[in-house]
Structure formats: C-alpha cells, structure tokens
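Going line by line, the protein sequences match chains A and B.
Mapping of the first sequence onto our numbering: position 62 corresponds to residue 53, and the numbering continues sequentially without gaps.
Mapping of the second sequence onto our numbering: position 10 corresponds to residue 1, and the numbering continues sequentially without gaps.
Written below as structure tokens is the structure these notes are about.
Number of protein chains: 2
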Amino acid sequence: MLKEERQQTILSEVELHNRILLTDIAETLDVSIDTIRRDVKELDAEKKLKKVHGGAISLGFTNSNSRNNHIYALNDKIAIAKKAITLLKDGAVIFIDGGTTCLELVRLIPDNLNLTCFTISLPVAMELSHKPNVTVISIGGQISKEAQISIGANAIHNLSEIKVDYSFIGTGYVDAVYGLTEFDWDIVQVKKAVIQAAKKTVLLSISEKLNSQHRFKTCDINSINTMITELDPTDRVLEVFRNHDIKIL
Amino acid sequence: MLKEERQQTILSEVELHNRILLTDIAETLDVSIDTIRRDVKELDAEKKLKKVHGGAISLGFTNSNSRNNHIYALNDKIAIAKKAITLLKDGAVIFIDGGTTCLELVRLIPDNLNLTCFTISLPVAMELSHKPNVTVISIGGQISKEAQISIGANAIHNLSEIKVDYSFIGTGYVDAVYGLTEFDWDIVQVKKAVIQAAKKTVLLSISEKLNSQHRFKTCDINSINTMITELDPTDRVLEVFRNHDIKIL
DNA sequence: GATTTTTATGCCTATATTTGCATGATTTTA
DNA sequence: TAAAATCATGCAAATATAGGCATAAAAATC
C-alpha cells in the first residue's frame, strides 16, 4: 500500500469517526505503529488533523460546539446526525425523538435554520431551546427515568393531535425481519404514536444496532421511510433494508 | 477514550449544566476521580472553566454578572432550598416551578423521599429524573427560550386539570403592595395557572428580589401561603409580609 | 545496467505521559 | 469539635513517544 493511500485512509477514518486510535489504524492497515505515528505526525503538520496522545482527532472536533463523548460510538452518532441534517429544509415542522443520536442531530442544527420541533425528550428540548430560530414544543407526560422522555397516555394523546413533515427517531434494536423493537413497553407505545404523527419517518441507527431485537415491537421495518447509519450505503449489511424500499443515507 | 475527548466532554457538561461534580463525571466517563481531578485542573489552568471544591463551574456563570454576587446569590438560593425541603412529606404531590432557586430545591431532595412532582421546567424535570423515588410529570407546551419552561395554552390547560398539595414557585419580582410581577406576559399566564392548581403556594425568593416590581402581575401577595427567604424570619424587611398572614421561614 | 542516493519501513531502547492507588493534609459538613 | 468528603502528592504499572539504526525498496546518477 502506498504511503499516500494510507494517509488518505487515515484522514477519511478521522473524518468519519471524528477520532482514531493509532493502534486501531495500525492493525486495520497492517503496518507498524511507527509508520502510522509518522503518517499522523505529517498530517498534523499539514493541519489535516490534530494529533493527540494515543491517537488523533478531527480538527472541527475540538473547536466546534459539538459536545463530545459520554459513551462509546458517539462519533459514529455524530456522523449519522450530520447526514440527517441534510434532510432539513427551512420552515419544516418535525418531531425529534430522544436518545443520544437524536441529541447529536439537534446539536448540529445550524443557527440560521427555521424549524418547528416537537419532542418528547427533555435533553432534546433543552438543547433546542438554545437555537434562536427553532420553535420548540415539549410533549408532556410522565417522565421515563431511563430514557428521559415523556411516556404515558397524556403524551400519546398529545401526539395524536399533531402531524409533522418528518419524525427523526432512534430505536433500541432494528432487524429487517422483526422490525424495530425495544426493551420497554411504555416506550414502544409512545414511539407508535410518534410514527403515526409523521408523514415520513427517518430512523437514525448506528450499525451496532442492526440485526438485533428485543421483547416489544414498535413497528415493521416498512413503517420506516429513510434510514441513516454511519455505514456506506452500499454496505452488504444494508442490502436487506434496501429491498424494503427504504432510502439509505 | 482519549484524554482530549474526555476533557471536551467535561467542558461540554460544564457549559450545559453550569456546574458539575467530579464524582458524577468520573462515574459517567468510567475513569477514576483522580483522572477527572487532573483534567479539571488542566482545564482550569487553560481558563476553560473554574475549578471549585468538589467540582467545577462554567466561566460564564461566574463572570457574566459580577462573579461574587452570583456565587453569594447561589449560596443564598441553596439556603432557601434547604428550608423548603423541610416542608416535604413522604408521598406528597407537588409542583415545582423553573428558576435557579427551584432547581437547587430539586437537587437537595433526598433520594429516599417519595414524591410525585409536576413541573413546567425542563432543567427541573431533568434533575428530578435522577431521583429514584420521585415520579416526574412534565407539563408540555411551547418552550420559553429564556426561562426553559413550558408556556402557552396547552400548558395552562394541563395545569387546570391538576391539584397539588404544594406549589413551589419563584418569581421575577415581589412587592408587598404590588404582589408578584414578571417581565413576560406568557410566563405570568402560566404562573397564574400554577397557583390555581395548588392547595398551598410556597414562594422561594432571595431578599434581593423583595420590594421590586415589573410590568405584568402574576398575583396578589395574599395568594402566597408561605414565603422562604435566606433572611432571618424576624428581619424588618419581612415585617410587611408577616402582616399579610404569610408564613415566613 | 550498475552504483549511489534517497526514501520508507520496522525494530529497539530510553524517555515521557497517563492513570489508578495509597497516604496524609485540607476543607466542608453536621 | 468530630466525621466525612475532597485534595495534593508521590509512586508504580501500563502505554505512548522520539530517535537511532538496519534493511529494503525506489529513484537518481553515472
């Protein structure tokens, strides 16, 4: 493999995940740590990324207002959120679900975008309230302590009275055959109402959750209009979803 | 996790909550408290935040409105909140308003206390959701960006359908003659509904706000059953309130 | 085409950084 | 004032880094 090629790969990995570990890259590319270290050093000198102890992080990552990792895989979630943002048009009326991926989506909404956002999530509502041109409507209800979202009859009733252009939702588990599933019954009921309230439903899901399932079913995979993952749309894992007429970004 | 990522996370948390506890962060990020302590020390040296005993606070929080006043005011608010806590009995159903004083109240609720709490405030709801024995119900509605509370017809309607033992409310301005006043019309409407929904209304107010007024009136001083300030109950400033049959703590 | 020079890479070693733990000092709380 | 929590410091283990060196490949030179 050419040096040039290798450095390009490193850059795209940083771009995609917002951070890399030298050891990971060395193993992936099957070269010694030293070589990767030298590559990253050069890229750092060229201001293409920022080298840090043990790895490298993308330049935008440090300066931007993007809040960073609480948990593993957050960088993938940011990548997903970036793709989701492209769907948003000025003046749209949308719903945003809870979950870390949706939260990253909210954080990336540009300040000049006019939106009306409904949400059941407390953190999402908090974050949205900092956006000057976003009208935020919080759906009330009993608060689920685990998910920090409104659940229960009141939330479902309120959702039944709205219709939004897009719903951006996350899920605990996705499977092409079993559809979207969750571990919590109450959350499933609310998500059903969310999907009902949307003209189009967009699922944000890291690849880790693909082909997994749990006890309670939210909906069939057919209820999803668009799916966004951090993977390349041509990835073989996604083939089965493409067959369901789901747009993949 | 890379050190830089961790520090970014800490900064974000500080920015978001204005203050953090080292122990919380350590647990969230799953590293030792020593590591967090060292990180915060570095960030403090870089002027990215201010380290305090047991945690850190955001710079904006200290600098913006004359640092010392703010810190002292916060201590006063905590003192008020501690007194308010003593009113809470196991199993009570209460309402908690937005504002920093009410937020301190929530933070001080002991883990073993069983409560059902209604609130219009997003930060209060978030904080309450961490209390294991508190059932939290968020009142939905359009979100006021300044106060991070639900306002509008939906919120008022929802409030009209509940009756709680105590409402703990804050206010922008209090005056023995003019009553409670605010600078925002919508917020006044919601507060009226809150007072209607309560058997007893408890006002939490730092002495700084006493004998001040603004454009829109929430209610007469007679609508308040109990008032809590950081002052000694015998303080002369409070005399005029005692004459209104208001319990002072 | 053969030889020299340059570049890239991997390995080794000494050094530096990061992190968790132990200890005693300090601060806060009751 | 006593107990609890928090802090600073030093130490040790694990990991990361920089620089030297050898080898091999690529490029330049003769």
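Backbone N, C-alpha and C fix where the C-beta goes; we use that ideal spot for every residue, glycine too.
Going by beta carbons, L94 (chain A) and P114 (chain A) fall inside the 9 angstroms limit. Spatial neighbours of K122 (chain B) in its own chain (CB-CB distance under 6 angstroms, excluding positions within 5 residues in sequence) are listed in chain order as I100. Close to chain A, meaning a Cβ-Cβ distance shorter than 8 angstroms, is no residue of the stretch 187 to 215 of chain B at all.
Neighbours of G132 (chain B) in chain A, taken as residues whose beta carbon is under 8 angstroms from its own, are I128, S129, G131 in chain order. In the three-state reduction of the DSSP assignment, T107 (chain B) falls in the strand class.
With three or more CB-CB distances shorter than 8 angstroms, the stretch 202 to 214 of chain A counts as touching the stretch 152 to 166 of chain A. Counting of Cβ neighbours within 10 angstroms places D102 (chain A) among the exposed residues, the total staying below 16.
The Cβ of P114 (chain B) sits closer than 9 angstroms to at least one Cβ of chain A. When the five nearest sequence neighbours on each side are left out, the beta carbons in the same chain lying within less than 8 angstroms of the beta carbon of N149 (chain B) are those of I130, G131, G132, in order along the chain. S120 (chain A) has a beta carbon lying within less than 9 angstroms of a beta carbon in chain B.
Taken atom to atom, the span from the alpha-carbon of A146 (chain A) to that of A138 (chain A) is near 14 angstroms. Of the other Cβ atoms in all chains shown, 16 or more fall within 10 Å of the Cβ of K41 (chain B); this residue is therefore buried. Just measuring C-alpha positions, the residue of A:V31, A:L195, A:K39, A:R28 sitting nearest D67 (chain A) is A:L195. For T192 (chain B), the uninterrupted beta strand (DSSP E) segment begins and ends at 189 to 195.
Looking from the CA of I219 (chain B), the closest CA among B:G45, B:V22, B:I69 belongs to B:I69.
Looking from the CA of Q187 (chain B), the closest CA among B:I160, B:D175, B:D30 belongs to B:I160. Here the stretch 76 to 94 of chain A makes contact with the stretch 104 to 113 of chain A; the two share three or more CB pairs at distances below 8 angstroms. When secondary structure is reduced to three states using DSSP, L78 (chain A) falls in the coil class, being assigned neither helix nor strand. In summary, F174 (chain B) is exposed, with fewer than 16 beta-carbon neighbours lying within 10 Å of its beta-carbon over all protein chains present.
Shown here, E18 (chain B) sits in a helix according to DSSP, grouped into three states. Within the stretch 173 to 185 of chain B, contact with chain A at the beta-carbon level (separation under 7 angstroms) is assigned to no residue.
If you draw a straight line from the Cα of E18 (chain B) to the Cα of E4 (chain B), it is about 13 angstroms long.
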